[in-house]
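J.:
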Amino acid sequence: IPRLNWVKSNQILVQLQNREQTKLDVNLYNNSGKLLGTIIKEQSDFWINIHEAFQNLPYGKYVWTSEKTGFRHLYGLDLISREINQITTGDWQIDSFEGFSKDTNELFFTATKDSELEKHLYRINKEGVIDPISLNRPGIHNVKINCDQNIYIDVNHALSQQPRVELRNLKTDELIKDISPDKDVRIEQFGLTPPKLLKIPHEKSEYLNSAVFYPDENEFGPGPYPTVVYVYGGPHVQLVTDSWSLTANLRLQYLKDQGFLVAVVDNHGSNRRGVSFESSIKNKLGEIEVNDQKLMLDWLIDQGLTDEERVGVFGWSYGGYMTLMCMAKYPELFRVGAAGAPVVNWQLYDTHYTERYLGLLEDNYENYDLSNVTTYAKNLDGELMIIHGMIDENVHFTHSAELIQSLIENDKSYDLLAFPKERHMPRGQSDRVYMEKRMMDFLISKI
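Under the numbering used here, the final residue of the sequence shown carries the number 442; numbering is consecutive throughout.
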């Protein structure tokens, strides 16, 4: 039972999934537990993502979202007639349903309609006409709307723009009041340079979104440059966006200032490009994601930007897993890596997460084995740093311990940075400063 919602004081809507997360039933019950009917049934060859978008509308209607067409879209749901009508369509996805205006009979939502690199607020009327509200201001818009007062709060930021908080008219988008906090003057001292957003050609999906931080050509020359790949690579995450958080990643800015080209790519399996793009990783974690990282590097090498003999990679959690798999599968290219809190053996990880992508263990032993880092430990010839909190409640330290044992058995060298009192990400100030310094020094000296 991943989600449930009260629809009346005596009725509840319950979402039920099978363990493989490929089937979804949405059932209506009364408060005594009696089944009143199955309202929605969905099935997928891959998996069904659960969402938070069930919202009530006037006249006994509700808003629902589904990815059954390949992209998440809005649907109107009538619990009495059991009718479901699709409201939005297209090769783009709904990010969130934001509200309904009784006065204008309009629905408001954020979506990727004009770019998966941005997030904008839209309205749709009863005739199905979609009107963009925030499109004249690029970047990411996180909003809270009040239809009764015809206003909304907009937190807007972009690669070249620090976050602004504004009160705006919901109908006209007119600025009512800028309520942004005072700018932190220290930021200007860092001289942060936004990355360039690129589209790397890809034969399967036309392109992959990439962000590249270029070192100062006047100081370091025209390239090719030593290169660091920053990776996450797992589902439900998107790193490459027109967002201030990407520009303000101080690790990436620091490496760029040391003369490194820093590259990021959203491989297949990442978020906000539809079911087909995301589900490519089904039953084969650590394969197509790694191939996409290599494809980006091959492109950068062909452009004369990357020195193929000086490439490093780092990431955390799924990014730590990706760091290890990149080094193991393409050791001639990824020669240095810092793997933070890495998943190593998916049999040791959260079953609800793992089974969504690899299926049940008893049915898919081979898939689990092929997705296990230790299967390829004999190839880990590069310079490797493993970083892990010893009381990590998410990716248990057992993962790194199993990797270390496999490295020993294969006579492979490694550096270990262990934090006895830290969890999934070091939070203590002294631990965090120590980790950042050691990790940056390792990457810079080894690459």
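Every residue gets a Cβ at the ideal spot worked out from N, C-alpha and C, and that includes glycine. Keep in mind it's a predicted model, so treat the numbers as computed, not measured.
For residue 54, count the other beta carbons within 10 Å of its own beta carbon; 16 or more makes it buried, fewer makes it exposed. Which is it?
T.: Here residue 54 is taken as the residue at index 59 of the sequence shown, counted from 1. With fewer than 16 Cβ atoms within 10 Å of its Cβ, residue 54 is classed as exposed.
J.: Please go through the same chain and pick out, in chain order, the residues whose beta-carbon is closer than 6 Å to the beta-carbon of residue 392, but skip the five residues on each side of it.
T.: Working through the sequence shown from its first residue, we reach residue 392 at position 397. Closer than 6 Å at the Cβ level, and outside the excluded window around residue 392, lie 383, 385.
J.: Checking 8 Å against the spacing of the C-beta atoms, do residue 442 and residue 307 come in under that value?
T.: Residue 442 sits at position 447 when you count from the first residue of the sequence shown. Residue 307 sits at position 312 when you count from the first residue of the sequence shown. Taking 8 Å as the Cβ cut-off, residue 442 and residue 307 qualify as a contacting pair.
J.: Closest by CA to residue 328, which one among 311, 350, 286, 348?
T.: Against the sequence shown, residue 328 aligns to sequence position 333. Nearest C-alpha to residue 328: 286.
J.: May I ask you to verify whether the segment 131 to 145 touches the segment 91 to 110, counting CB pairs closer than 8 Å and requiring at least 3?
T.: The answer is yes - the segment 91 to 110 touches the segment 131 to 145, with three or more Cβ pairs under 8 Å.
J.: Whose C-beta lies closer than 6 Å to the C-beta of residue 35 among residues of the same chain, with five residues either side of it excluded?
T.: Taking the first residue of the sequence shown as 1, we reach residue 35 at position 40. Answer for residue 35: 21, listed in chain order.
J.: Quick check on DSSP: helix, strand or coil for residue 236?
T.: The residue labelled residue 236 in the question sits at position 241 within the sequence shown. Coil at residue 236, not helix or strand.
J.: Below 8 Å between beta carbons: does that hold for residue 325 and residue 289?
T.: The residue labelled residue 325 in the question sits at position 330 within the sequence shown. The residue labelled residue 289 in the question sits at position 294 within the sequence shown. Yes, they are a contact pair.
J.: Would you give the residue range spanned by the beta strand (DSSP E) that residue 141 belongs to?
T.: Working through the sequence shown from its first residue, we reach residue 141 at position 146. It spans 135 to 141 - the beta strand (DSSP E) in which residue 141 sits, taken as one unbroken run.
J.: Where DSSP assigns a beta bridge to residue 57, which residues make up the other side?
T.: Walking along the sequence shown from the start, residue 57 turns up at place 62. Answer is 51, 72.
J.: How many Å lie between residue 316 and residue 276 at the Cα?
T.: Residue 316 sits at position 321 when you count from the first residue of the sequence shown. Residue 276 sits at position 281 when you count from the first residue of the sequence shown. Cα to Cα, residue 316 sits roughly 14 Å from residue 276.
J.: Taking all protein chains shown into account, do 16 or more other C-beta atoms lie within 10 angstroms of the C-beta of residue 13, making it buried, or fewer, making it exposed?
T.: In the sequence shown, counting from the first residue as 1, residue 13 sits at position 18. Flag for residue 13 reads exposed.
J.: For residue 414, collect the residues of the same chain with a Cβ closer than 6 Å to its Cβ; drop the 5 residues on either side in sequence, then sort them by chain order.
T.: Residue mapping note: residue 414 aligns to position 419 of the sequence shown, counting from 1. Closer than 6 Å at the Cβ level, and outside the excluded window around residue 414, lie 384, 421, 426.
J.: Within the same chain, show all residues whose beta-carbon is closer than 6 Å to that of residue 407, passing over the 5 residues directly before and after it, in chain order.
T.: Translated into positions along the sequence shown, residue 407 becomes position 412. 375, listed in sequence order.
J.: According to DSSP, is residue 63 helix, strand or coil?
T.: Numbered from 1 along the sequence shown, position 68 holds the residue referred to as residue 63. Residue 63 falls in the coil class under three-state DSSP.
J.: Please name the residue in 64, 110, 340, 330 whose C-alpha comes closest to that of residue 267.
T.: As a first step, residue 267 must be located in the sequence shown, where it is residue number 272. It is 110.
J.: With DSSP as the reference, label residue 302 as helix, strand or coil.
T.: Along the sequence shown, read from residue 1 onward, the residue named residue 302 stands at position 307. Looking at residue 302 - three-state DSSP - the assignment turns out to be strand.
J.: Closest to residue 398 by CA distance: which of 416, 351, 341 is it?
T.: The residue you call residue 398 lines up with position 403 of the sequence shown. Ranking 416, 351, 341 by Cα distance to residue 398 puts 341 first.
J.: Among residues of its own chain, excluding the 5 on either side of residue 295, which ones have a beta-carbon nearer than 8 Å to its beta-carbon?
T.: Within the sequence shown, the letter at position 300 stands for residue 295. Result list for residue 295: 207, 222, 256, 258, 301, in chain order.
J.: How would you call residue 3, buried or exposed, if buried means at least 16 neighbouring beta carbons within 10 angstroms?
T.: Residue 3 sits at position 8 when you count from the first residue of the sequence shown. Exposed: under 16 other Cβ atoms inside 10 Å.
J.: Do residue 261 and residue 355 have their CB atoms nearer than 8 Å?
T.: In the sequence shown, the residue the question calls residue 261 occupies position 266. In the sequence shown, the residue the question calls residue 355 occupies position 360. No, they are not a contact pair.
J.: Determine the DSSP secondary structure at residue 214, reduced to helix, strand or coil.
T.: Against the sequence shown, residue 214 aligns to sequence position 219. In this structure, residue 214 counts as helix in the three-state DSSP scheme.
J.: Which residue marks the beginning of the alpha helix (DSSP H) containing residue 248, and which one marks its end?
T.: To locate residue 248, count along the sequence shown from 1; it is residue 253. Segment 245 to 252, the alpha helix (DSSP H) holding residue 248.
J.: Any idea what DSSP makes of residue 257, helix, strand or coil?
T.: For the purposes of this step, residue 257 is identified with residue 262 of the sequence shown, where counting begins at 1. Strand at residue 257.
J.: Would you say residue 437 and residue 323 are within 8 Å of each other, going by their C-beta atoms?
T.: As a first step, residue 437 must be located in the sequence shown, where it is residue number 442. As a first step, residue 323 must be located in the sequence shown, where it is residue number 328. Not a contact, by the Cβ cut-off of 8 Å.
J.: Excluding sequence positions up to five away, which residues of its chain have a Cβ less than 6 Å from the Cβ of residue 248?
T.: Within the sequence shown, the letter at position 253 stands for residue 248. These residues qualify, in order along the chain: 187.
J.: For the alpha helix (DSSP H) containing residue 425, list its first residue and its last residue.
T.: In the sequence shown, the residue the question calls residue 425 occupies position 430. First-last of the alpha helix (DSSP H) with residue 425: 424 to 441.
J.: Could you please give the first and the last residue of the uninterrupted alpha helix (DSSP H) stretch that includes residue 15?
T.: Working through the sequence shown from its first residue, we reach residue 15 at position 20. From DSSP, residue 15 is part of no alpha helix (DSSP H); its letter is neither H nor E.
J.: Would you check whether the ligand MG has a heavy atom nearer than 7 Å to the C-beta of residue 279?
T.: Of ligands this structure carries none, so the ligand MG is not represented either.
J.: Answer yes or no: do residue 125 and residue 116 have a C-beta to C-beta separation smaller than 8 Å?
T.: Taking the first residue of the sequence shown as 1, we reach residue 125 at position 130. Taking the first residue of the sequence shown as 1, we reach residue 116 at position 121. It is not a contact, given that the beta carbons lie outside the stated cut-off.
J.: Does the Cβ of residue 443 have 16 or more other Cβ atoms within 10 Å, making it buried, or fewer, making it exposed?
T.: In this structure the chain extends from -4 to 442, so residue 443 is not present and cannot be described.
J.: Using three-state DSSP, classify residue 104 as helix, strand or coil.
T.: Reading the sequence shown from its first residue, position 109 is the one you call residue 104. Residue 104: strand per DSSP, three-state reduction.
J.: Report the CB separation of residue 60 from residue 79 in whole angstroms; it is logged as a contact under 8 Å.
T.: Against the sequence shown, residue 60 aligns to sequence position 65. Against the sequence shown, residue 79 aligns to sequence position 84. With 8 Å as the limit, residue 60 and residue 79 do not qualify as a contact, their Cβ atoms being about 11 Å apart.
J.: Quick one: using the 10 Å Cβ neighbour count with 16 as the cut-off for buried, is residue 263 buried or exposed?
T.: For the purposes of this step, residue 263 is identified with residue 268 of the sequence shown, where counting begins at 1. So residue 263 ends up on the buried side.
J.: Could you tell me which of 432, 281, 360, 219 sits nearest to residue 299, measuring between CA atoms?
T.: For this step, residue 299 is matched to residue 304 along the sequence shown. Selected option, being the one with the closest Cα: 219.
J.: Are there 16 or more other CB atoms within 10 angstroms of the CB of residue 347, so buried, or fewer, so exposed?
T.: Residue 347 sits at position 352 when you count from the first residue of the sequence shown. Answer is exposed; the Cβ neighbour count stays below 16.
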